[in-house]
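One structure is given here, and the rest of the page talks about it.
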Amino acid sequence: MADTPTVDQLMLQIAEQYATLSRQLKIIATYVEQHRSSLMLERISDIAEHCDVQPSAIVRFAKQFGFSGFSEMQAVFRDAYTAQAIPSQNYQQRIRKLIDAKPTPLTGGSMAREFIAASRSGLDELLNGMDDVQFDAAVKLLQKADNIYVIGVRRSFPIASYIVYALQHTNKRVHLLSGLGGMIREQIRSIGKNDVVIAISFTPYGKETQACVRLAHHHQAKSLVITDSQLSPLARHASVLLTVKEGSAFAFRSLTNAMCLCQALFIALAYRLELNVEETGAIDGYDE
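In case it helps, my numbering puts the sequence shown at residues 62 to 349.
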């Protein structure tokens, strides 16, 4: 290529062309986006096996974005992630092989330590991949909002519940779209152009969450999307997009990264609003 793109520039190109790609190339695009920090270490045959495609499809994908082949595309990721990818990849390999390698069943304590370590590794990846521009844009979006609606279903629900709890320590009007009684559409129907919906969803993406983002867009409201990929279906209408990937162990993904990101988002907003962040005093006879 005449001008080699950065990883961020390449991912932007992939996101822009994603809708027009073939089914096979879409699968490869999703894999590349989700494994960008370890792609430099993988063989073309390994990627093809993970994507259930022929190696020639990987080459075709690279050529789609102006590279002569897979090796030239891989070099973009090697230049960006050499300093940080190897320790993360070694740990991930350790997790995957742990159960097969142990001759006896693991104790509860050892499993807990492995899962905690996986979560810590995920936080390192979150820190290294932090997009300050998008994060600051998210804070400004919330600062200007008249109303903030929050949606997160299934495994994202506890994260949505937490950010609602935190934001209720501000003077913002905050609404949790719980969907109780199948009423999500009714709960969001009053959203307006000066409002923001925080939509939290990870693969497989919640249909309810996608519907809320589309409805917010229809009502000219803004959307702050927290998801795991720039290729997420929620990204299409996102005013601001924050991507976060979770550490995992024993085929179970933690919530550590997303929860940490939401806590950081609230703290940054509170600072911007010049709040004294304290628990409000009980006025109804109840203590927490």
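Glycine included, C-beta positions come from ideal geometry on N, C-alpha and C.
Note that the coordinates shown come from a computational prediction; the quantities given were computed from them, not determined experimentally.
For residue 223, the three-state DSSP class (helix, strand or coil): One-based indexing of the sequence shown puts residue 223 at position 162. Helix.
query: Do residue 212 and residue 260 have their C-beta atoms closer together than 8 Å?
result: Position 151 of the sequence shown, counted from the start, is the residue given in the question as residue 212. Position 199 of the sequence shown, counted from the start, is the residue given in the question as residue 260. Yes, the Cβ-Cβ distance between residue 212 and residue 260 is below 8 Å.
message: I want to know whether the segment 297 to 307 touches the segment 188 to 202 - three or more CB-CB distances under 8 Å.
response: yes
task: Could you check if residue 324 is buried or exposed, using at least 16 other CB atoms within 10 Å of its CB as the buried criterion?
output: Within the sequence shown, residue 324 is the residue found at index 263, counting from 1. Answer is exposed; the Cβ neighbour count stays below 16.
- request: Kindly confirm or deny that the segment 238 to 257 and the segment 286 to 293 touch, where touching means at least three C-beta pairs closer than 8 Å.
  value: no
- request: Have a look at the DSSP bridge pairing and note the partners of residue 236.
  value: Residue mapping note: residue 236 aligns to position 175 of the sequence shown, counting from 1. DSSP, once it has assigned bridges, lists 210 as partnering residue 236.
query: According to DSSP, which residues form a beta bridge with residue 304?
result: In the sequence shown, the residue the question calls residue 304 occupies position 243. Paired residue(s): 288.
message: Output needed for residue 88: all residues of its chain with C-beta closer than 7 Å, excluding positions within five of it in sequence on either side, in chain order.
response: Translated into the one-based positions of the sequence shown, residue 88 becomes position 27. Excluding positions up to five away in sequence, the list reads 112 and 114.
query: How is the alpha helix (DSSP H) around residue 319 delimited, first residue to last?
result: Stepping through the sequence shown from its first residue, residue 319 is reached at position 258. Where residue 319 is concerned, the enclosing alpha helix (DSSP H) stretches over 317 to 333.
CB-CB length for residue 71 against residue 126, believed under 8 Å: Residue 71 sits at position 10 when you count from the first residue of the sequence shown. Residue 126 sits at position 65 when you count from the first residue of the sequence shown. The Cβ separation is near 6 Å, so the contact holds.
message: Can you tell me which residues form a DSSP beta bridge with residue 261?
response: Along the sequence shown, read from residue 1 onward, the residue named residue 261 stands at position 200. Note: residue 261 sits in a beta bridge opposite 287.
message: Just to check my reading of the structure: residue 330 and residue 200 have Cβ atoms closer than 8 Å, yes? What is that Cβ distance to the nearest angstrom?
response: One-based indexing of the sequence shown puts residue 330 at position 269. One-based indexing of the sequence shown puts residue 200 at position 139. That pair is a contact at about 5 Å.
- request: Please confirm whether residue 138 and residue 105 have their CB atoms less than 8 Å apart.
  value: Locating residue 138 in the sequence shown gives position 77, where the first residue counts as 1. Locating residue 105 in the sequence shown gives position 44, where the first residue counts as 1. No, the Cβ-Cβ distance between residue 138 and residue 105 is not below 8 Å.
query: With distances taken from CA atoms, which of 181, 326, 333 and 258 is nearest residue 314?
result: Position 253 of the sequence shown, counted from the start, is the residue given in the question as residue 314. The option with the nearest alpha carbon to residue 314 is 181.
task: Determine the direct distance from the alpha carbon of residue 119 to that of residue 145, and round the result to whole angstroms.
output: Stepping through the sequence shown from its first residue, residue 145 is reached at position 84. Stepping through the sequence shown from its first residue, residue 119 is reached at position 58. Low confidence applies here, because residue 145 scores a pLDDT of 47, under 50, leaving its location unreliable and the question unanswered by this model.
message: Suppose contacts are defined by Cβ-Cβ distances below 8 Å. Is residue 249 in contact with residue 276 by that definition?
response: Numbered from 1 along the sequence shown, position 188 holds the residue referred to as residue 249. Numbered from 1 along the sequence shown, position 215 holds the residue referred to as residue 276. Cβ atoms of residue 249 and residue 276: closer than 8 Å.
Rounded distance between the beta-carbons of residue 267 and residue 217, thought under 8 Å: Walking along the sequence shown from the start, residue 217 turns up at place 156. Walking along the sequence shown from the start, residue 267 turns up at place 206. Indeed they touch by this definition, with Cβ atoms about 7 Å apart.
- prompt: What number of angstroms, rounded off, separates the C-alpha of residue 86 from the C-alpha of residue 220?
  reply: Here residue 86 corresponds to residue number 25 of the sequence shown, with the count starting at 1. Here residue 220 corresponds to residue number 159 of the sequence shown, with the count starting at 1. Whole-angstrom Cα-Cα distance: 32 Å.
message: I'd like to check one pair, residue 252 with residue 228: are the Cβ atoms closer than 8 Å?
response: The sequence position of residue 228 within the sequence shown is 167, counting from 1. The sequence position of residue 252 within the sequence shown is 191, counting from 1. For residue 228 and residue 252, no; Cβs fall outside 8 Å.
message: Quick check on residue 147: buried or exposed, where buried means 16 or more other Cβ atoms within 10 Å of its Cβ?
response: Sequence index remark: in the sequence shown, residue 147 carries index 86 (1-based). Caution is warranted here: a pLDDT of 45 is assigned to residue 147, below 50, making its placement in the model unreliable, and the coordinate value is therefore given only provisionally. Its Cβ having fewer than 16 others within 10 Å, residue 147 is exposed.
task: Mind reading off the beta-carbon distance from residue 21 to residue 288? Whole number of angstroms is fine, and I expect it under 8 Å.
output: A question about residue 21 goes unanswered here, because the residues of the chain that appear run from 62 up to 349.
- prompt: Is residue 314 helix, strand or coil by DSSP?
  reply: In the sequence shown, residue 314 corresponds to position 253, counting from 1. Residue 314: strand per DSSP, three-state reduction.
message: Output needed for residue 74: all residues of its chain with C-beta closer than 8 Å, excluding positions within five of it in sequence on either side, in chain order.
response: On the sequence shown, residue 74 is found 13 positions in, with the first residue counted as 1. Once the five neighbours on either side are set aside, the close Cβ partners of residue 74 are 66 and 126.
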